Amino acid sequence: MTRRYQATGGDIDEQNGYRNVFDDEQQAWADAIVAKYPNPRSAVLPLLFLVQSVEGYVTEDGMRTVANMIGLTPAQILASGSFYTMLKKQPQGEYLISVCRNISCTHRGAYDVIQALSERLGTDAGNTTADGRFTFETAECLATCDGAPSIQINYDDFYDVTPQDAVALVDKLERGEEVRSAAGERVRTVREISFETATAGARLPGTAGDHRARTVGGEAQPSDFLPDSRPKLSHDEGSHSG
Amino acid sequence: MALPEILNGMKTVVKNVFKKKDTVSYPEVRRQPFPRYKGRHILDRHPDGLEKCIGCELCAGACPADAIQVVAAENTPEARFSPGERYAQIYQINYLRCIFCGLCVEACPTEALLMTTEYELSGSSREQLIYTKDQLIIDTPIVRHWTTKKELPPERQVFS
Amino acid sequence: MSDGKVTLTINGHDVEAEENRLLIDVAEELGVYVPRFCYHPGMKSVAVCRMCLVKVEGSRKLLPACATPVTDGMVVDTVDEEAVDAQEGMLEFLLINHPLDCPICDRAGECPLQDQTYKHGPGSSRYIEPKRTYEKALEISDLVVLDRERCVLCWRCVRFSEEIAGDAFIQLIDRGAGTQVLTFKDDPFDSYFSGNTIQICPVGALLSKPYRFVSRPWDLTSAPSVCSYCAVGCPLTNEARAEKVVRCQALPNENVNDFWVCDKGRFGYHYVSSEERLASPLVRTDADEFEATSWGRALDVVTGRLRTARRIGIIAGAHLTTEDAYAVSKLAKKTLRTSDVDSRLQDAGAPYERAAALSGVAGSTATLNDLESARTIVWVGPDPKEVLPVLYLRLRKSVLEEGAKLIVVSPRRISLDAIATHVIRCDVGGEAEAVDGLTWGFDTAVAGDVGDPLVVCWGPSSPGRDEGPIVDAVVALARNKNAKLLVCPPHAGSQGMIDMGVHPSLDPGYTPSDSRGKDTRGILQAAAAGELDILLLIGADPVADFPDGGLVARAFGSGVFTVAVELFPTESVAHADVVFPSAAYAEREGTFTNLERRIQKLEPLTAPPGSASEPWRICSRIAHGLGDDWGWAGFNDVWTEIRATVPTHAHVDLTWAGQESRPLSLHYESPFQPDPTHGRSVSAGPGAGYPKGHRSGAPFHTGQNWPLSWELRGFEARQRPGIIPSRPPEPPAGDDPVSPAPAPGAPAGDDAALRLIPRTDTPAGGDASLRSGTPLSSAFASEASPSSAKGWSRTGGEDGDSPEVKAGKSGVPERSGESSPAATWHSVEDEFPSFSEGRRSFVLYTGRLLYDEGAMVSKTVALKSLARRPFVELNEEDAKELGLSEGDEALVGGNGVRATLEVRLGDIARGAVFIPYDQPGWRANSIIRGVNPVVEVRHP
């Protein structure tokens, strides 16, 4: 059932009664993001990432805030936002653990990893732990079949993961220790990566240059999790052909 | 001469005089029709008591005599008549128009509308012969005008 | 080819077609139907349903006919094995998830998916897995029900709401197999055009809530008609089951409404079959009660009175048809020999006759199609989305699709602002000044965009106020720039009334009357002063509509003998002495003249209740009773006479003979259509179109009972373009009320500019503040008429504790000297303090909203609940000064009446407030006094 309403003929200005999710600094970022594009409509996705960085996921108020900012209807924001699986419509944990269960990974024991993680986290795939720190999902091919079974934590790759490795990773994250992915990057929280994605290429007025745009592989350091068996990483292209 | 023809005719008469009578003294004695005889309709229910009829009006659409009227309405959680969203609020069959062809029964997508073998349809006014949903629904017993003392089985049909 | 034509071959037939047309349209005109779901001629192609794939020689793949423009030498085969295979495959795909709940689906029987599955489908499915399910039947608004399971993702509703209506409240969300059509959370599908998505939905996913489970398409009888609400005059089909109108759908007419109709027109039919309709004549008895009586007796009472009456006033309503208008005009001016006849109630201050200064037509010289070819459109008037919704769609299309520049002149934010090139935010009453600014190019930024062809649109906005200066300014602009004028009166019958001379100073055909009679205000004033013997209300409800509640109360309080012809027992009817029941638009033959003066015909569908009759017939009977036999037996007799006596209408031929009557391009060829090729020897579709795999295998074209899809019914009804009557000869120069303007086509010389000065009090050098969004005058509340201010002070008192006075038959303070419009409009008197003790006077600017408390809407169940509560819209700064904020309650008072209304902050000129005219619970006309009313607003 719809809530009771009086017809306004779709007057967007009548859309009120929501909470603006941005504080002043975030609003400044949002404005900077909109300023990046010739058409404000183009800023929908970065703004939704900004909402995710603020709220932890894309909330209803967040979508209304974005809609109001760029003059679209909330439905249009939902239509764009719901297409992208990285934008979560449900509350999710700080860390999103995705376990590939496609053919290569399944053959090399992905379901053992899933089983181990389920037991360790006390939840089935697709759910968030009670403390709200981890969301655990299964994924289709993560495009790293050569590192099967492969998992991602907040979209950072980990290769040749054994059930013990997976549990160890969760333990480390739970203790708040730094975890480095196969690419040697520190695994960040969902809010952090959402903020980076949202603000890539944008800059606040009065600040100089590009800020902390993500430099994939650029700050590579020895990984916590780069099994010896795996060939060198992508920035070391030569070893593939060799 | 016509004598051979007369004799021939008399032969038929004599043959039939000693045969068992096919007529019965209706209404005390009634014949039971064949199981697939197409008589008066009923509206069936599901085992859980909900009406099978969903008010789709396909019977009315199929009726060549335009004898059926259905007006549908929406089920609500408070007043649920049939499974799903739609039920027949008004269901009427006009037996003055019905030709008992059975196309309505064929059209019914939920097998709600069935035909019984009841053939005694008479009344003292036109209104009485427009059967409403309360009369057609299966839990209303079919009442006859006169009690039956004896019922002949279908085998005792005239043309059996 | 050089002439923009190309020749191509479709299924072996050579066709010549205009370049850049879509293959699907060209094929259809040839009689070759290509199945489709997403394609709709009123919207852009997206080619998402993949149903219209056809074989084109030279193309490696099949091409979607809806997104392929025709090219020279193209060889197309729509029945190629490969194409048919693709079509069958697509249908099998669509039916994977489409539930086969046709028996409970309202669309069944007129469903494009059903029809095309029969005709183009594979006949069986190989899919045995469970279907995708969603919660059934979501009510996404009070008018629309959504069943997501049935959706085939054709994007029609999404495209309509984004492209056409601009209310993108319905979208396809999620992705892949989970894609579903939905609104945002619990937000309602709050669009004035939501019903169109129901009509264009090719399945039963979007359904009408009022029509839900009401009928089957094969139970319906239908008749072409015209919407009875606003002056756009959208053609409709009325559909009835068992003598009761149960559905209205838009009939496409590319001249008028394209394919669309607003929700008020679509769902506003319940009033026709309302239980409250008057069914027999009523006469007031000595005991002061109404008594049902016979026509003869009621007519005797009326004619008896009329024989002795000397002073007669006639007010006609603007929802009557053109021939009713002629009958009223004839009754008044011929039989009763009075010119005290008028049809303007809400638009009482709108001098349409002054528009005749431009071309002799007291109405539009532009057509709606002119909007689309215009380079610039100037809009001066009310919010078209609220008052003339489909005109809003046409304007939107002209601006967004055809690239016209739109200049909006309005004291408050209206829906057009969002698409306007320039918005000139003027004071209330400052419109004339702003339009003059355009005429003489004061504002160079805006003037640069005033191009040619130019269409100037004007409609009366705030009910009752004097629009004279605005009309003059608009006419001057149109004349100066050689532009066309679109006059936008509010109601379906408004223009017909003017055409037929239901006007104190115009006779039929826009000829000036010999004697100038009283207008509505004059008639009511005469009644109030006891100077009227008999008042005839023909479809008019002054109590609800006339923008001076106190005057109406005094008029009826005087006990004038009143005769009413009405649909409903309205509040005005309650004051009448004799009442005649009138037939509604769906019950009668007739014509409506729309705002571009297009005459379109209504066909009767149901029978009127009781002995209700058409108003023209009632007028004719009254005249007969007075010994003047008009000899009218039927509708055609009226028109014969109109043709003979009204020169502008001499050529109006309602048999539509000789008019273009072409099949609609919007239809699905149903398998139930006997001859899918329309008599041409073209093989169309696989197997010329009978259901493959149907169990009987027999063709379905026998018998008339088979359901026809709604599009097909539209096809049968045929498009009737309507007729625009001719213009009268140019009026003599002496009648020109806009003397300063030069003749059409003449360049605007200095002379003309100088002669403009007297009226505007503004130096022709230009007001520097005449820019977008800047108020023209900084002195707010300066437009107040002194008489109104006095009136309020007297009844309200200065102590801020004004007694509550109801505008009724008694207790209304007698006031003299209803201010004459011309005298008060520009008088700037700062008589009352602009700000004292938390209370301030504001210029009142009212306007109708789409769903209001009008007699017809309030009797329409589906729309009744949608009407907004009354509110008062204030400028933010003004509200701040008063200590009011959004959602607060404010005390609004004027004319001795006060009310507590919700505050809304809006973009409105300072010193003005907007109050919707007629919303449930409170009528703004009670607060209005005089022509340019002032109200006070304060904190409660």
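Residue numbers (this note's numbering), protein chains in the order written: chain A, 13 to 254; chain B, 300 to 459; chain C, 3 to 942.
C-beta: ideal position from N, C-alpha, C; glycine also.
Fair warning: this is a prediction, and the values are worked out from it, not measured in the lab.
Residue-level contact to chain B via CB, residue i, 8 Å cutoff
i                        : result
isoleucine 12 of chain C : no
lysine 246 of chain C    : no
lysine 138 of chain C    : yes
arginine 214 of chain C  : yes
serine 672 of chain C    : Because serine 672 of chain C carries a pLDDT of 37, less than 50, the predicted location of this residue cannot be relied on, and the following value inherits that uncertainty. No, serine 672 of chain C lies away from the interface with chain B (no Cβ there is under 8 Å from its Cβ).
Given residue i as reference, the closest of the options once Cα atoms are compared
i                         : options                                   : result
glutamine 602 of chain C  : C:Val545, C:Ser230, C:His15 and C:Gly123  : C:Ser230
alanine 128 of chain A    : A:Ile163, A:Asn32, A:Ser54 and A:Asp43    : A:Ile163
glycine 315 of chain C    : C:Leu10, C:Ile624, C:Pro918 and C:Ile536  : C:Ile536
isoleucine 489 of chain B : B:Pro382, B:Glu373 and B:Tyr390           : There is simply no residue 489 of chain B to check, as chain B begins at 300 and stops at 459 in what is shown.
valine 33 of chain A      : A:Pro50, A:Ile45 and A:Asn80              : A:Asn80
lysine 387 of chain C     : C:Ser375, C:Ser341 and C:Gly849           : C:Gly849
threonine 379 of chain C  : C:Asn927, C:Ala352, C:Thr340 and C:Val425 : Reading off the sequence, residue 379 of chain C comes out as isoleucine, not threonine. Per the Cα distances, C:Val425.
glycine 541 of chain C    : C:Phe570, C:Leu534 and C:Asp550           : C:Phe570
leucine 394 of chain C    : C:Gly896, C:Thr340, C:Val874 and C:Cys459 : Here residue 394 of chain C is tyrosine; the residue named in the question, leucine, does not match the sequence. Looking at the Cα atoms, C:Cys459 is the closest of the given residues.
alanine 170 of chain C    : C:Gly180, C:Gly178, C:Leu155 and C:Thr199 : C:Thr199
Chain C contact for residue i (CB, 8 Å cutoff)
i                       : result
leucine 357 of chain B  : yes
alanine 371 of chain B  : yes
threonine 20 of chain A : yes
proline 493 of chain B  : Nothing in the structure corresponds to residue 493 of chain B, since chain B is present only between 300 and 459.
proline 217 of chain A  : no
glutamine 39 of chain A : no
leucine 90 of chain A   : yes
tyrosine 17 of chain A  : yes
Beta carbon proximity, residue i to chain A, threshold 8 Å
i                            : result
serine 463 of chain C        : no
phenylalanine 186 of chain C : yes
alanine 869 of chain C       : yes
Quick check: the stretch 469 to 483 of chain C against the stretch 574 to 588 of chain C, are there 3 or more CB pairs under 8 Å?
Touching, no, given that fewer than three Cβ pairs across the two stretches are closer than 8 Å.
When the Cβ atoms of the stretch 145 to 153 of chain C are set against those of the stretch 64 to 74 of chain A, are three or more pairs found closer than 8 Å?
In short, these stretches do not touch, since the Cβ pair count stays below three.
Runs of 4 residues minimum, wholly inside the stretch 143 to 193 of chain A: which ones carry the alpha helix (DSSP H) assignment?
Taking 4 residues as the shortest admissible run, the stretch 143 to 193 of chain A contains the following complete alpha helix (DSSP H) segments, listed from N- to C-terminal end: 175 to 186.
Please identify, using Cβ separations under 7 Å, the residues of the stretch 96 to 130 of chain A that lie next to chain C, in order along the chain.
For the stretch 96 to 130 of chain A, no residue has a beta-carbon sitting nearer than 7 Å to a beta-carbon of chain C.
Check whether the stretch 450 to 462 of chain C and the stretch 401 to 419 of chain C are in contact - that is, three or more C-beta pairs closer than 8 Å.
Because the criterion of three Cβ pairs below 8 Å is met, the stretch 450 to 462 of chain C and the stretch 401 to 419 of chain C touch.
Using a Cβ cut-off of 8 Å, which residues of the stretch 140 to 166 of chain C contact any Cβ in chain B, in chain order?
Per Cβ criterion, the list is empty.
Against chain B, which members of the stretch 216 to 228 of chain C pass a CB distance test of less than 7 Å?
Per Cβ criterion, the list reads Arg218 and Trp220.
With a cut-off of 8 Å, do at least 3 Cβ pairs link the stretch 920 to 928 of chain C to the stretch 852 to 862 of chain C?
Yes, the stretch 920 to 928 of chain C is in contact with the stretch 852 to 862 of chain C.
For the pair the stretch 211 to 222 of chain C and the stretch 157 to 172 of chain C, tell me if three or more CB-CB distances fall below 8 Å.
Counting C-beta pairs with one atom in each stretch, the stretch 211 to 222 of chain C and the stretch 157 to 172 of chain C have fewer than three that are closer than 8 Å, which means they do not touch.
Report the residues of the stretch 89 to 113 of chain C with a CB closer than 7 Å to any CB of chain B, ordered along the chain.
Cβ contacts with chain B: Pro105 and Ile106.
Taking three-plus beta-carbon pairs below 8 Å as touching, is the stretch 502 to 520 of chain C in contact with the stretch 266 to 285 of chain C?
No, they do not touch.
Is there contact between the stretch 87 to 95 of chain A and the stretch 172 to 186 of chain C, where contact requires at least three CB pairs shorter than 8 Å?
Because the criterion of three Cβ pairs below 8 Å is met, the stretch 87 to 95 of chain A and the stretch 172 to 186 of chain C touch.
For the stretch 148 to 167 of chain A and the stretch 107 to 120 of chain A, state whether three or more C-beta atom pairs, one from each stretch, are separated by less than 8 Å.
Under the three-pair Cβ rule at 8 Å, the stretch 148 to 167 of chain A counts as touching the stretch 107 to 120 of chain A.
Taking a cut of 7 Å between CB atoms, which residues from the stretch 583 to 611 of chain C lie near chain B?
Contact residues of the stretch 583 to 611 of chain C toward chain B are absent (C-beta to C-beta distance below 7 Å).
Would you call the stretch 251 to 262 of chain C in contact with the stretch 538 to 552 of chain C, where contact means no fewer than 3 C-beta pairs closer than 8 Å?
The stretch 251 to 262 of chain C vs the stretch 538 to 552 of chain C: no contact.
Please go through the stretch 69 to 143 of chain A and give each complete alpha helix (DSSP H) segment of 4 or more residues, from N-terminal end onward.
As far as the stretch 69 to 143 of chain A is concerned, its whole alpha helix (DSSP H) runs of at least 4 residues are 72 to 82, 86 to 93, 115 to 119 and 122 to 133.
Touch check for the stretch 257 to 266 of chain C and the stretch 292 to 305 of chain C: three-plus C-beta pairs under 8 Å?
Contact annotation: the stretch 257 to 266 of chain C does not touch the stretch 292 to 305 of chain C, with fewer than three C-beta pairs closer than 8 Å.
Do the stretch 64 to 75 of chain C and the stretch 22 to 39 of chain C touch if we need at least three Cβ pairs shorter than 8 Å?
Enough Cβ pairs lie closer than 8 Å, so yes.
If contact is defined by three or more beta carbon pairs under 8 Å, each pair taking one atom from either stretch, is the stretch 617 to 634 of chain C in contact with the stretch 316 to 335 of chain C?
A contact exists between the stretch 316 to 335 of chain C and the stretch 617 to 634 of chain C.
Length at least 4, wholly inside the stretch 852 to 931 of chain C: the alpha helix (DSSP H) runs in chain order
DSSP runs (the alpha helix (DSSP H)) wholly in the stretch 852 to 931 of chain C: 863 to 866 and 878 to 884.
Output, in sequence order along the chain, the residues in the stretch 170 to 194 of chain A whose CB is closer than 7 Å to any CB in chain C.
The stretch 170 to 194 of chain A vs chain C, Cβ under 7 Å: nothing.
Which complete beta strand (DSSP E) runs does the stretch 186 to 218 of chain C hold, if anything under 3 residues is left out?
Here the runs fully enclosed are 208 to 210.
Check whether the stretch 117 to 132 of chain C touches the stretch 6 to 18 of chain C, counting contact only when three or more Cβ pairs, one atom from each stretch, lie closer than 8 Å.
No, because fewer than three Cβ pairs between the stretch 117 to 132 of chain C and the stretch 6 to 18 of chain C fall closer than 8 Å, the two stretches do not touch.
To be precise: take each residue of the stretch 370 to 395 of chain B, compare its Cβ to all Cβ atoms of chain C, and keep it if any distance is under 7 Å. Which residues remain?
Cβ contacts with chain C: Ala371, Ala372, Glu373, Gly383, Glu384 and Arg385.
Contact residues within the stretch 167 to 183 of chain C, judged by C-beta distance below 8 Å to chain A
Within the stretch 167 to 183 of chain C, the residues whose Cβ lies closer than 8 Å to some Cβ of chain A are Ala167, Gly168, Asp169, Ala170, Phe171, Ile172, Gln173, Leu174, Ile175, Asp176 and Arg177, listed in chain order.
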